[in-house]
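In our numbering, the protein residues as written are 121 to 411. By construction, the Cβ of each residue, glycine as well, lies at the ideal position given by its N, Cα and C atoms. Since this is a predicted model, take the numbers as computed values, not measurements. The structure under discussion appears below in the form of structure tokens.
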């Protein structure tokens, strides 16, 4: 195996689908299958099992995946340390960033950071917080910026906090929500749990859910058309300033907040480009609650 094989095998593990892995790597599906056969021949064992909707990894495949992760980490460490000796802070930085934060904060932050550190290349993956956090735990990212708190024993810093509330096309009272059509945004489990806890501590009945969508923009457009209300964080109002927003107040009289944390490891100082980004974000925290 070589460096390209490590990348291929890691991508296959993440996608669990040969076609999707091939598209992500910009190579043909037959080329992926052929290389996989050669890797299996090299180790003399079966590494994956093909199924109707994708692939599953055998125990031997799981072991090789962990080896590939370790090998890639060591490669990056050596590469970055060598680059540092000649050119100052360099490296390739992989970031996991939640959808909302990536949309509204990262463009300006990355512009400023890259101006300070032009020799650091950045890859950013955005998505639901719970999925990104688990990928961070698996070692795929040195830094994760995700919403919601986790029992992480290494470094965790709060960098943003904003209120949750309900959006509607016209002004609406809290007590009327239970009779009003509800457009549900399919979000991460932690956020959904917070919403459910507030709802059922406030109302005795379930919401009148008429639609469930998996895209924030679609959700907000449906609300804008007057089809119902939705429960989301305040930052979603940026592109929809005419919508009515009312913060959610808990039984204790406090606003329900949605906190964003930056998670990183104790060894972050070992990689100068990772340390540079951590130090940069710490200098910016906490970011303003209202955009």
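Suppose you measure from the CA of residue 394 to the CA of residue 386; what does that come to, to the nearest Å?
11 Å
In whole angstroms, what separates the C-alpha of residue 330 from that of residue 300?
10 Å
Under 6 Å Cβ to Cβ from residue 243, same chain only, skipping five residues before and after it: list those, please.
214
Spatial neighbours of residue 233 in its chain, beta-carbon cut-off 6 Å, leaving aside the 5 residues before and after
Contacts found: 400.
Between the C-alpha atoms of residue 196 and residue 210, what's the straight-line distance to the nearest angstrom?
11 Å
If you drop the 5 nearest sequence neighbours on each side, which residues of the same chain put their C-beta closer than 8 Å to that of residue 389?
Excluding sequence positions up to five before and after residue 389, its CB lies within less than 8 Å of the CB of 395, all in the same chain and listed in chain order.
Rounded to whole angstroms, how far is the Cβ of residue 412 from the Cβ of residue 306, which I believe are closer than 8 Å?
With the chain covering only 121 through 411, there is no way to say anything about residue 412.
Hey, would you say residue 351 sits closer than 9 Å to residue 368, going by beta carbons?
yes
Rounded to whole angstroms, what's the CA-CA distance from residue 345 to residue 289? Just pull it up for me.
7 Å
Contact between the segment 171-178 and the segment 222-229 is defined here as three or more beta-carbon pairs at a separation below 8 Å; is this criterion met?
Flag = no, the segment 171-178 and the segment 222-229 do not touch.
Alpha carbon to alpha carbon, how far is residue 405 from residue 379?
12 Å
Who are the near neighbours of residue 269 in its chain, counting only those whose CB is closer than 7 Å to its CB and skipping five residues on each side?
379 and 381
Alpha helix (DSSP H) segments (min. 4 residues) lying fully within the segment 133-208:
138-145, 149-163 and 179-207
Note down the Cα distance separating residue 407 from residue 304, rounded to an integer number of angstroms.
Residue 304 has its alpha-carbon roughly 28 Å from the corresponding atom of residue 407.
Straight-line Cα distance separating residue 212 from residue 255:
18 Å
Cα-Cα, which of 249, 311, 383 and 374 is closest to residue 273?
383
Starting from residue 264, follow its DSSP beta bridges and name the residues at the other end.
216 and 383
For residue 218 and residue 284, which I take to be in contact (beta-carbon distance under 8 Å), what is that distance rounded to the nearest angstrom?
With a Cβ gap of about 14 Å, residue 218 and residue 284 do not count as contacting.
Under the three-state DSSP convention, the category residue 309 falls into
helix
Please decide whether residue 163 counts as near chain B, where near means a Cβ-Cβ distance under 9 Å.
Here there is only one protein chain, and chain B is not present.
Please say whether residue 263 and residue 216 have beta carbons closer to each other than 9 Å?
A contact, by the Cβ cut-off of 9 Å.
Less than 9 Å between the C-beta atoms of residue 398 and residue 237, yes or no?
no
Alpha helix (DSSP H) segment containing residue 253, residue limits
249-257
Write down the C-beta distance between residue 145 and residue 128 rounded to the nearest angstrom, noting that I regard them as a contact closer than 8 Å.
Yes, residue 145 and residue 128 are in contact; Cβ-Cβ is about 7 Å, under 8 Å.
Quick check on this structure: which residue in 295, 230, 246 and 176 has the alpha carbon closest to the alpha carbon of residue 239?
230
From residue 193 to residue 152, what distance separates their C-alpha atoms?
In this structure, the straight-line span from the alpha carbon of residue 193 to that of residue 152 is close to 23 Å.
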